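Enquirer: In this note's numbering, each residue carries its 1-based index in the sequence shown increased by 31. All C-beta atoms, glycine included, are put in the ideal place defined by N, C-alpha and C. Bear in mind that the values here come from a model prediction, so they are computed numbers and not experimental data.
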Amino acid sequence: MPVHGLTPILLCLLTMCRILTPVSSHPQHNPCQLIQRTALCNNRNLSAVPERQPDNLEEFQLNYNHIQTLRDNSLLRYPSLNTLSLACNSLEKLESNTFQGTKLLENLNLANNNLRIGYQETSLALKTLPKLRALDLSENELDDEMVATLLQNLTSLEYLNLSGNFMQRLDETSFRDLYQLKELNLQRNMMYELDGAFDSNPKLQRLNLAFNYLHCLTDFHMTELVVLNASHNFIEWFISRQDLNDIFQLETLDLSDNKLLFFPFLPNHSHLRNLYLSHNSISFYQHLADNSTFPNSTSTVEFYNMQENTGNVTAQLWDESLHGDISSLEILDLRGNQVEYFPQGFIQKMPVLSRLQMCTNCLETLNLTLEQFSGSLYELDISNNRLNQIVADGGT
């Protein structure tokens, strides 16, 4: 009888056990999607770095969350971490020992945050990353002083994005520790002056200065630079250093949407392939050198460096050598300028030219035979000019 009396109780306990056991042993929900050694935790409404991820994690994607502070212990359990992305988090600071256990980190994305608030402590954290190669600090409302502080001693850095900040003036101290820098994005700041800013970056190959407030680029001597984008500024003069015999590695130069009056004074020796000059006010002035036609005109212009009165330049504006080395040009974009004619021999200097875009200029006549266009030319756009005569012989 006692045994039979306990049976309902045991059955009840067994039933409860079956109900409770799955609940208590069920693993906690992981907010991240794991793909091999990458944790994708984007847009999960997180306020901190999620725990209990695999120890061998190499990449952490934490974009579009609400992580305001990256704590000292946030990444301790991930010594193999190579890539960390925290864009769009309202992130204010990284505590100074954030990376004490992640010395292998090479790629760090901190774009579109509020690092202006805690930039000083954040700089201490960045200094502890001996292998950091790529850093994105764009859209953080950083000024010149903040940027200089954040970049101190980042000697391994190769790729840096500072676009969309509040930088105004750069000098020789701005990037002085970035000896390995190869690519720099400074577009959409408020920059109006560059004073020896890149003299400490001999390996720099790609530089983006677009959408700023620069009025001139003079004494250009960056021989290792391959791509320069200075479009959408207020540039009136582009002058390369004329006393250099080094071969410039420059292949692409974009000066479109500026205030240029003259064709840029290009390097004497270069590999320039793509030259974008659209939407300026460029014209050629070789005809002004004819004193019989323009007796009161001057054929020289002087450029003065008002700082210590050094680096002054006197130039013959219609000297053909000022066009520099354009023998490698494949694309020349002069749309939306005020070109009335081509200087004598100008087209012949571009034997491999394949695309010449001249629409919306002031051309009145064009002699295709006399200009001797390149045999490789497959696009010539001369629409929307003032052409009343186009001359060509039968073999052109």
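1) Would V383 be called buried (16 or more neighbouring beta carbons within 10 Å of its own) or exposed?
2) In angstroms, rounded to a whole number, what distance separates the CA positions of Y372 and T391?
3) Taking the CB atoms as reference points, tell me whether L240 and L201 lie closer together than 7 Å.
4) Tell me whether E395 sits in a helix, a strand or coil according to DSSP, three-state version.
5) For the beta strand (DSSP E) that contains T69, what are its first and last residues?
6) Would you mind working out which of M253, N243, T249 and Y223 sits nearest R237, comparing C-alpha positions?
7) Return the first residue and the last residue of the beta strand (DSSP E) that A165 is part of.
8) My assumption, with CB atoms under 8 Å, is that S358 sits in contact with M389. Please give the rounded CB distance.
9) Assign D24 to one of three DSSP states: helix, strand, or coil.
10) Measuring CA to CA, which of K158, S121 and L65 is closest to Y95?
11) I need the straight-line Cα distance from R108 to D86, nearest angstrom please.
12) Sort Q67, N143, L259 and S312 by Cα distance to N216 and report the nearest one.
13) Our contact map puts Q92 next to N104 with C-beta atoms below 8 Å; I'd like the distance itself, whole angstroms only.
14) Taking the alpha carbon of R83 as the reference point, which residue from E152, I98 and C63 has its own alpha carbon closest?
15) What whole-angstrom Cβ distance do R164 and N138 have, given they're in contact under 8 Å?
16) Could you pull the start and end residues of the beta strand (DSSP E) that L139 belongs to?
17) Give me the Cβ distance between K213 and N184, rounded to the nearest whole Å; I'm assuming they're in contact under 8 Å.
18) On a Cα-Cα basis, can you pick out the residue from E152, Y190 and S116 that is closest to L141?
19) Give me the residue from L209, Y190 and E189 with the minimum Cα distance to T180.
20) If we ignore side chains and look at the alpha-carbon of each, how far apart do L160 and F294 end up?
21) To test your reading of the DSSP string, which unbroken beta strand (DSSP E) runs of 3 or more residues are found completely within the stretch 62-110?
22) Looking only at DSSP bridge pairs, what is S154 linked to?
23) Ignore the nearest five residues each way along the sequence and tell me which others in T400's own chain have a CB closer than 7 Å to its CB.
24) Looking only at its chain, what residues have a beta carbon closer than 7 Å to the beta carbon of K290, apart from the 5 residues adjacent to it on each side?
25) Applying the 10 Å Cβ sphere with the 16-neighbour rule, what's the burial state of S194?
26) Counting along the chain, where does the beta strand (DSSP E) carrying V422 start and finish?
27) Please classify I378: is it buried, with 16 or more other beta-carbons within 10 angstroms of its beta-carbon, or exposed?
28) Give the range of the alpha helix (DSSP H) segment to which L181 is assigned.
29) Leaving out five residues on either side along the sequence, give the residues of the same chain with a beta carbon under 8 Å from the beta carbon of G367.
Expert: Once the coordinates are examined:
1) V383 counts as exposed, since fewer than 16 other beta carbons sit within 10 angstroms of its beta carbon.
2) About 13 Å.
3) In this structure, L201 does not lie closer than 7 Å to L240 by Cβ.
4) It is coil, neither helix nor strand.
5) Unbroken beta strand (DSSP E) run through T69: T69 to L71.
6) Ranked by Cα distance from R237, the options M253, N243, T249 and Y223 are led by M253.
7) Per DSSP, the unbroken beta strand (DSSP E) holding A165 starts and ends at A165 to D167.
8) The pair is not a contact, with the Cβ atoms about 20 Å apart (cut-off 8 Å).
9) There is no way to answer for residue 24, as the model of the chain reaches only from 32 to 427.
10) Considering only K158, S121 and L65, the residue with the shortest C-alpha distance to Y95 is S121.
11) Computed Cα separation, rounded: 6 Å.
12) Nearest C-alpha to N216 among Q67, N143, L259 and S312: L259.
13) Not confirmed; about 20 Å, so no contact.
14) The residue with the shortest Cα to Cα distance from R83 is C63.
15) At roughly 7 Å, the Cβ-Cβ gap stays under 8 Å, so R164 and N138 are in contact.
16) Unbroken beta strand (DSSP E) run through L139: N138 to N140.
17) Not really, about 18 Å apart at Cβ, beyond 8 Å.
18) When C-alpha distances from L141 are compared across E152, Y190 and S116, the shortest belongs to S116.
19) Distance from the Cα of T180 is smallest, within the candidate group L209, Y190 and E189, for L209.
20) Cα to Cα, L160 sits roughly 45 Å from F294.
21) The beta strand (DSSP E) runs lying completely inside the stretch 62-110 and spanning 3 residues or more are 64-66, 69-71 and 90-92, given in chain order.
22) Per the DSSP secondary-structure output, S154 pairs with nothing in a beta bridge.
23) Answer for T400: V422, A423, D424 and T427, listed in chain order.
24) Leaving aside the five residues that flank K290 on each side, the residues in its chain whose CB is nearer than 7 Å to its CB run, in chain order, F265, I266, E267, N311 and S312.
25) Of the other Cβ atoms in all chains shown, 16 or more fall within 10 Å of the Cβ of S194; this residue is therefore buried.
26) V422: member of the beta strand (DSSP E) spanning Q420 to V422, first to last residue.
27) Buried: at least 16 other Cβ atoms inside 10 Å.
28) Going by DSSP, L181 is part of the alpha helix (DSSP H) stretching over D175 to L181.
29) Shown here for G367: same chain residues with a beta carbon closer than 8 Å to its own, the five before and five after excluded, namely S309, H310, N311, C390, T391 and N392 in chain order.
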